[in-house]
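**Q** In full-length UniProt numbering, the protein residues as written are 1 to 428.
1. Once DSSP output is grouped into helix, strand and coil, what is the label at residue 136?
2. Closest to residue 21 by C-alpha separation, out of 218, 287, 181, would be which residue?
3. Just the Cα atoms here: how many angstroms apart are residue 2 and residue 171?
4. I need the straight-line Cα distance from residue 387 to residue 355, nearest angstrom please.
5. What is the DSSP secondary structure of residue 2, counted as helix, strand or coil?
6. Am I right that residue 361 and residue 399 are in contact with their C-beta atoms under 8 Å? What's the rounded C-beta distance?
7. Provide the residue span of the alpha helix (DSSP H) that contains residue 195, from first to last.
8. Is the distance from the Cβ of residue 234 to the Cβ of residue 291 below 8 Å?
9. How is the beta strand (DSSP E) around residue 450 delimited, first residue to last?
10. Among residues of its own chain, excluding the 5 on either side of residue 132, which ones have a beta-carbon nearer than 8 Å to its beta-carbon?
11. What residues in its chain sit with their C-beta under 6 Å from that of residue 349, if we drop five residues either side in the sequence?
12. Less than 8 Å between the CB atoms is what I'm expecting for residue 29 and residue 94, so what's the real figure, rounded?
13. For residue 302, count neighbouring Cβ atoms within 10 angstroms of its own Cβ and tell me buried if that reaches 16, exposed if not.
14. Can you name the start and end residues of the beta strand (DSSP E) that residue 42 belongs to?
15. Are the CB atoms of residue 372 and residue 419 within a distance shorter than 8 Å?
16. Just list the residues that DSSP pairs residue 181 with in beta bridges.
17. So within the region 353 to 428, which uninterrupted beta strand (DSSP E) runs reach at least 3 residues, ignoring any that extend past its ends?
18. Which of the three DSSP states, helix, strand or coil, is assigned to residue 75?
19. Just to confirm my understanding: we take residue 151, look at its own chain, exclude 5 residues before and 5 after, and list those with CB closer than 8 Å. What are they?
20. Within 10 angstroms of the Cβ of residue 256, are there 16 or more other Cβ atoms? Answer buried if so, exposed if not.
21. Output yes or no for whether 8 Å exceeds the beta carbon distance between residue 269 and residue 298.
22. Helix, strand or coil for residue 213 per DSSP?
23. Could you pull the DSSP bridge partners for residue 116 from this structure?
24. Check whether the region 76 to 91 touches the region 40 to 51, taking contact to mean three or more Cβ pairs, one atom from each stretch, closer than 8 Å.
25. Tell me the rounded alpha-carbon separation between residue 149 and residue 116.
26. Measure from the C-beta of residue 38 to each C-beta in chain B and report whether the shortest distance is under 8 Å.
27. In whole angstroms, give me the CA-to-CA distance for residue 194 and residue 65.
28. For residue 287, which residues of its own chain have a beta-carbon under 7 Å away from its beta-carbon, when the five flanking residues on both sides are left out?
29. Please report how far the alpha carbon of residue 35 lies from the alpha carbon of residue 385, in whole angstroms.
30. Tell me the rounded alpha-carbon separation between residue 225 and residue 231.
31. When the Cα atoms are used, what is the spatial distance from residue 8 to residue 310?
32. In three-state terms, what does DSSP make of residue 82?
33. Is it right to say residue 154 is buried, meaning 16 or more other beta carbons lie within 10 angstroms of its own, or is it exposed?
34. Taking all protein chains shown into account, do 16 or more other C-beta atoms lie within 10 angstroms of the C-beta of residue 329, making it buried, or fewer, making it exposed?
35. Between which two residues does the alpha helix (DSSP H) holding residue 328 run?
36. Kindly confirm or deny that the region 59 to 77 and the region 160 to 169 touch, where touching means at least three C-beta pairs closer than 8 Å.
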């Protein structure tokens, strides 16, 4: 390849759910002075994606198209890739993929038609890949990527883990905003969850001055609501299972000051949650002083002690009940997550979960129902998809009719079957 600098376009399939990752990754690209000659594009439909790719190639750019997806959205992403490729009419576009599914099922992702996969966290990898493209070097040699050669998997290591302060929370120059990621990684390593297996089972926290900076940036752009991404909201500032309320208060106070007088803080609710053992009167009183949300998302997951232990949740059933009761007493509506159809469930476990749902509902909680999906990259990757019998569905429908149950558990049942149907034997 020539070493002559060239115009490069990065075209991001900016649709749900990949757009959340791309909001952060676009920030990483636009903040790197070495990538100033890379133009970013954010098409929000496959038709717009195709039009953008055609236009940029026809303008003489070297074009990189990118997708990011979870396991549940892998199928639609592949369908979009295939649809676009069929209509590019021979135009040369480097198609790359990243995210938790691409990391866990790298070979499958490449065999589906992507040219390169970013393995692991993407900030450093995407920057390095684009730098190589700008120089006319082979992007397939980028550290943190994988590709196929003669049908065989070729890997160049795992993407470097990031220090959150070193990267923007979102893409300011391109006016792409979102929740501020304050913690990456999770020490709890629940067996059904991809987070600790993608980002390692340890906490990495963004510092409070950095968080306040990005909160001010949101307000500057007229966005008064500040939300946060973290696997466990009350773990901020700690490296282990303990709760550091002083650190949480310092964080909330700094954000409140940064966004005064019009800012609103949403903490312990969407898109994050609170672990049940962290819900205490002291924690709730602290949150009440700062947050605008009237609800908390609490991870319950099962009403069976046996299943809680098997999934390595790290708490028991009564801890969930206590958390819900305290939340109600503290002025919050507890939205309690449950996963139905977990591996190893017996009828008695299912009944225990349904009974706990009803018990929490009677306390004033809402129940958020999920169907178990055997997610790649987790210890339950090869488990059977969650399947709900008629009695379970009937009881769930009753709770929903009372306004006490919400969620996409029916659709997730279909997605779970699709994930199981397309999985391949583990790579050796």
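The beta carbon of each residue, even a glycine, is placed where N, CA and C say it ideally should be.
Note that this is a predicted model, so its numbers are computed, not measured.
**A** A quick look at the data gives this:
1. The residue labelled residue 136 in the question sits at position 136 within the chain shown. Looking at residue 136 - three-state DSSP - the assignment turns out to be coil, as it is neither helix nor strand.
2. As a first step, residue 21 is located in the chain shown; it is residue number 21 there, counting from the start. Among 218, 287, 181, the Cα nearest to that of residue 21 belongs to 181.
3. On the chain shown, residue 2 is found 2 positions in, with the first residue counted as 1. On the chain shown, residue 171 is found 171 positions in, with the first residue counted as 1. Low confidence applies here, because residue 2 scores a pLDDT of 45, under 50, leaving its location unreliable and the question unanswered by this model.
4. Here residue 387 refers to the residue found at position 387 when the chain shown is read from its first residue. Here residue 355 refers to the residue found at position 355 when the chain shown is read from its first residue. C-alpha of residue 387 to C-alpha of residue 355: approximately 18 Å in a straight line.
5. Against the chain shown, residue 2 aligns to sequence position 2. Per-residue confidence for residue 2 stands at a pLDDT of 45, beneath the threshold of 50, marking its modelled position as unreliable; the derived number appears in the next sentence. Residue 2 falls in the coil class under three-state DSSP.
6. In the chain shown, the residue the question calls residue 361 occupies position 361. In the chain shown, the residue the question calls residue 399 occupies position 399. Taking 8 Å as the upper bound for CB-CB distance, residue 361 and residue 399 are in contact here, some 6 Å apart.
7. Here residue 195 refers to the residue found at position 195 of the chain shown. Counting along the chain, the alpha helix (DSSP H) containing residue 195 begins and ends at 195 to 199.
8. As a first step, residue 234 is located in the chain shown; it is residue number 234 there, counting from the start. As a first step, residue 291 is located in the chain shown; it is residue number 291 there, counting from the start. Cβ distance not < 8 Å, so residue 234 and residue 291 don't count as in contact.
9. The chain is shown only over 1 to 428; residue 450 falls outside these bounds and no answer can be derived.
10. Here residue 132 refers to the residue found at position 132 when the chain shown is read from its first residue. For residue 132, where only same-chain residues beyond five positions count, the Cβ hits under 8 Å are 138, 139, 141, 142.
11. Position 349 of the chain shown, counted from the start, is the residue given in the question as residue 349. Here the set comprises 304, 307.
12. On the chain shown, residue 29 is found 29 positions in, with the first residue counted as 1. On the chain shown, residue 94 is found 94 positions in, with the first residue counted as 1. No, residue 29 and residue 94 are not in contact; Cβ-Cβ is about 15 Å, not under 8 Å.
13. Stepping through the chain shown from its first residue, residue 302 is reached at position 302. Result: buried.
14. One-based indexing of the chain shown puts residue 42 at position 42. First-last for residue 42: undefined, no H or E at that position.
15. Taking the first residue of the chain shown as 1, we reach residue 419 at position 419. Taking the first residue of the chain shown as 1, we reach residue 372 at position 372. Taking 8 Å as the Cβ cut-off, residue 419 and residue 372 do not qualify as a contacting pair.
16. For the purposes of this step, residue 181 is taken as the residue at position 181 of the chain shown. According to DSSP, residue 181 bridges with 229.
17. With a minimum length of 3 residues, the continuous beta strand (DSSP E) runs that stay inside the region 353 to 428 are 366 to 371.
18. Numbered from 1 along the chain shown, position 75 holds the residue referred to as residue 75. In the structure shown, residue 75 sits in a helix (DSSP, three-state: H, G or I).
19. Locating residue 151 in the chain shown gives position 151, counting from the first residue. Nothing listed; no residue qualifies.
20. As a first step, residue 256 is located in the chain shown; it is residue number 256 there, counting from the start. The residue in question, residue 256, is buried, as its Cβ has 16 or more Cβ neighbours within 10 Å.
21. Numbered from 1 along the chain shown, position 269 holds the residue referred to as residue 269. Numbered from 1 along the chain shown, position 298 holds the residue referred to as residue 298. No; because the gap between Cβ atoms is not below 8 Å, this pair is not in contact.
22. One-based indexing of the chain shown puts residue 213 at position 213. Three-state DSSP puts residue 213 in a helix.
23. Counting from one through the chain shown, the residue named residue 116 turns up at place 116. Beta-bridge pairing links residue 116 to 96.
24. yes
25. Along the chain shown, one-based indexing puts residue 149 at 149. Along the chain shown, one-based indexing puts residue 116 at 116. Going by the C-alpha atoms only, they are around 11 Å apart.
26. Annotation note: the requested chain B is absent from the structure, which comprises a single protein chain.
27. Taking the first residue of the chain shown as position 1, residue 194 is located at position 194. Taking the first residue of the chain shown as position 1, residue 65 is located at position 65. Going by the C-alpha atoms only, they are around 25 Å apart.
28. Position 287 of the chain shown, counting from 1, holds the residue named residue 287. 267, 268, listed in sequence order.
29. Taking the first residue of the chain shown as position 1, residue 35 is located at position 35. Taking the first residue of the chain shown as position 1, residue 385 is located at position 385. About 43 Å.
30. Numbered from its first residue, the chain shown carries residue 225 at position 225. Numbered from its first residue, the chain shown carries residue 231 at position 231. Answer to the nearest angstrom: the Cα atoms are 20 Å apart.
31. As a position in the chain shown, residue 8 is number 8, starting the count at 1. As a position in the chain shown, residue 310 is number 310, starting the count at 1. About 49 Å.
32. Residue numbering aside, residue 82 sits at position 82 when the chain shown is read from its first letter. Reduced to three states, the DSSP call for residue 82 is helix.
33. Within the chain shown, the letter at position 154 stands for residue 154. Per the 10 Å Cβ criterion, exposed.
34. Indexing the chain shown from 1 puts residue 329 at position 329. Exposed, by the Cβ-count rule.
35. Along the chain shown, one-based indexing puts residue 328 at 328. That run of the alpha helix (DSSP H) goes 317 to 329.
36. The answer is no - the region 160 to 169 does not touch the region 59 to 77, with fewer than three Cβ pairs under 8 Å.
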